[in-house]
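Numbering (the UniProt record's numbering), first residue to last: 1 to 1140. In what follows, a structure is listed as structure tokens, so that the remarks can point back to it.
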């Protein structure tokens, strides 16, 4: 024991530098050191710590402590003081510490908190921190000497920075033994350390040094601030926390102010905060005024064209926000600073000296809670605006460059604008209005501007509009137009939102639009000559506007506030530019119901150019189903559930707009209007936004909406299916809501028209759009059953056709049925093999033609719209049927005789759509399709194997023609005669071109068939001749226009038959005589005029007789050639007035 102690006492290593190996070989302590499991050659440091209750660990394991911190410190103190070698034992202890921390892992463990050995123990402080109260100066010196070894290491594993941990050991010590020496050593380290370590040391100085050292350190930091701009932030943070004398603080503030222009943008918030820190009332104005002059915020924000990236712009905005927050904090807690800012801004006497800072500070002053600051800000702003020192250009720059910053002061901006607007001084009012305009321009997505209601006058005044003056009626119409346009823009603005609550508001606004439109229709009916306010830049001209005075007054039963128009689907013109079916109904109301009639509104179609355009995205509302939300009561309980969904009126409104859009974008462009042509509105008015998008974009968006359109289509189908089942197959049951029925029927029709127009887009035929077409067809096909993704185009067409065919049982009107037929034809044409669907299309059209169409009120459908739809549907049937001639004969030979035998108001039994009002439609279509069919018969040739078949076809065609021509004896109205004259001439010309060559070569082999054909045709030509005489007697221009060309064709036919007979050596069979002029009933016309006509225009009758080939003589080839010369007459040059 004594020998060991002596070896320890003679150790001369105190204060001398020794190697690590020598330090580790030193041995101090007692014999119990052999029991230590963690150390083999223990130092005094290790032994004392172990005996005091701390176990030193190796590697990454934290040191363990088994006693309380106070107990540990007391044991160490007793060990040192009771040692026989005291005070030399202290140096041995320090030497042992230095030896122990030579290993970096051990050093790291000593810097980290100790771990309690017992599970329920509390975490302890670091070993070195526990020893500071006992041996402070040697340990601090050891740490500061150790710190340079880790300066360049950066952050190690686990995010630990050894230099930062060492500095943290020095914070918040209970007592600093030698504060001056510590400060000196820290500043020495600052002069040589990297920037990161410099920042850590500088920011820790206020927590390390005593107050007596603050002024000395502040001077050194002030020097450092002027030499190194990288340390601006940490130096100012430290100076803000130091307790400085007023003179030194003023000196430092002046130095900082001098370097303000060179400070980095991200450092400016700290600089401004320091400048405004602890400013005395006497210095406030001078400090604030200097800061205002030197702070250039406009240099902090680059113009948009120079901003390199969005991140850079956000960084600049956040820095400016922090600067203003610093100013706001100083203004709020220091009244002298607030007054100084007001005084500094007031002192500016030149407009060019005012900065953006001034307006921003005024907004800050107004946003504080102090009433004096608010009144001061308002007073200064009004005075500056009134004198012209703060101008609109400065306001524009402020809103343009600092909109992100100004959002936090939005209430103050609106309050100041309102104060200026309400000012009796007219010089400041425009500036307040400009503030409002810029606010709504810059803060377009700011939620505080949303939610204002629309306040209107009492709409009951519509019921007594006739009692209002003209000015009041026009004012009311203006009000309703502006209301609708405002709602349309609101819907445009919020239709893209995904939140349920906003979707419900959009739906509510759509309901408002449809309701206000019904009011406007009635107001316009009582305001003749009214011209609405301009709503579109492309619609400033009122040319083509049908004023309400020119519009007919509609009559309807009570309850029909909004009657949905029944639209035609005839191609080539928009289905939505027509008047309502009610305007054109031919049926007269019973006298007893006329007392119940009320004035109905005019159609808004002619006023479309005065409504704001709806964006294409508004149609996304069609995808919304039932929307619901919970409403809270006064106790915040959700007891009420609010539900909103598209009603029939809103659905019609959206579908009408969508149909107009797809017709404008996806149909072939119409011919341009002549520049000097007046009286017709430009078709592109109201589509300025739509014109900016390509037809491909529109088609793609329509395909995207197809699932929603199909859902609405199925809803309409289910509605009418339910209606039929509840009323035992009758659509006009007692429980039928007439208005709802009309709206749902119109929705059904619009949906089919939209689908048809979409699939009619010519772009689908382009190679690049095949995938889009398959996607569109796939949507329809998937509604029928789940489809595989690898289906061919033909398979998709087939499934789509089957899906659409399912809707045939619930067609509420003939117009809707026509739309379905047209859609099926369009879809079937996309497969490339449309012939496979012809039979189904013809069968469906015949089904619709064989159905009696009744409205919801129980009346038969009739009117011009019905007739137009019927004409198109009958044309579809005859175009798709296999044998047109047979179909015409079926209608003319069966349906029309049934009509003739029926009473006046009844229809044909086999063709319920054929009645006396629709006879002209059937007659015109049959004549047109018959003439079109014979033009498809190939001309006859000498070597023709199908001669008999062609001859049979011509026999059937002539027989049909004869039946149709003879009908004029019964239906002798002017429109019927007009049709017969027009198509009779066309049929005759086609027969001359295509039929006569066949007869030339068939006469010898099929003499009797040819004779029979010519005899039948002669009866028809004779009837046409009688019609010509009748037209001249009637002196009807629309009829007589056809007579010259028809008589020329009849004469040409006469000589053509003679040429045929001569060609076949049968000229003796040709007999000529005078044909008397007769009327339609066959009575001879005895007037002088007709007698003169008979002498001038001698007609001949031909009676071919049997003649053998041997007796035939050769015909004169020259004469034959002359007779075959024909003059073509353009059928379009002949007028056709088919009105009743």
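Note that the Cβ used here is the ideal one computed from N, Cα and C, for glycine as well.
Beta-carbon proximity of residue i to residue j, cut-off 8 Å
i	j	result
residue 828	residue 821	no
residue 812	residue 877	no
residue 1015	residue 1064	no
residue 1025	residue 1080	no
residue 999	residue 1010	yes
residue 492	residue 686	no
residue 213	residue 169	no
residue 140	residue 90	no
residue 443	residue 412	no
residue 1146	residue 431	Here the chain comprises residues numbered 1 to 1140, so residue 1146 is not present and cannot be evaluated.
residue 489	residue 612	yes
residue 477	residue 523	yes
residue 757	residue 659	yes
residue 194	residue 221	no
residue 204	residue 171	yes
residue 128	residue 110	yes
residue 855	residue 752	no
residue 285	residue 330	no
residue 914	residue 922	yes
residue 990	residue 934	yes
residue 275	residue 263	no
8 Å contact criterion, which residue i and residue j should meet: CB distance rounded
i	j	result
residue 133	residue 174	7 Å
residue 273	residue 326	4 Å
residue 794	residue 768	So it is not a contact: roughly 20 Å between Cβ atoms.
residue 1006	residue 948	7 Å
residue 853	residue 860	7 Å
For residue i, the three-state DSSP class (helix, strand or coil)
i	result
residue 87	coil
residue 126	strand
residue 106	helix
residue 419	helix
residue 1170	The displayed coordinates of the chain run from 1 to 1140. Any statement about residue 1170 would go beyond what the structure contains.
residue 1051	helix
residue 54	strand
residue 936	coil
residue 352	helix
residue 495	coil
residue 522	helix
residue 710	helix
residue 438	helix
residue 632	Caution applies to residue 632, whose pLDDT of 47 falls short of 50 and renders its modelled position unreliable; the model cannot decide the point.
residue 8	Interpretation of residue 8 is limited by its pLDDT of 34, a score under 50 that renders its predicted location unreliable; the figure taken from the coordinates is listed afterwards. Here residue 8 sits in helix by DSSP.
residue 402	coil
residue 580	Any answer about residue 580 is weak, because its pLDDT of 34 lies below 50 and its placement is not dependable; what the coordinates show is given next. Coil, per DSSP.
residue 616	helix
residue 748	helix
residue 760	coil
Opposing strand residues paired with residue i [DSSP bridges]
i	result
residue 627	644
residue 860	854
residue 115	64
residue 1078	1084
Cutoff 8 Å: residue i Cβ touching any chain D Cβ
i	result
residue 456	Protein chain content of the structure displayed is limited to a single chain, and chain D is not contained in it.
Cβ-heavy atom distance, residue i to the ligand HEM, below 7 Å
i	result
residue 418	The model on display carries no ligand, and the ligand HEM is accordingly not part of it.
- Tell me, please, whether the stretch 697–711 touches the stretch 604–622 by the rule of three or more beta-carbon pairs shorter than 8 Å. yes
- Between the stretch 275–284 and the stretch 215–231, do at least 3 Cβ pairs fall closer than 8 Å? no
Segment contact, 8 Å Cβ cut-off, at least three pairs: the stretch 779–791 with the stretch 686–695: no
Any chance the stretch 466–484 sits against the stretch 417–430, with 3 or more Cβ pairs inside 8 Å? no
Between the stretch 341–353 and the stretch 372–392, can you find at least three pairs of beta-carbon atoms closer than 8 Å? yes
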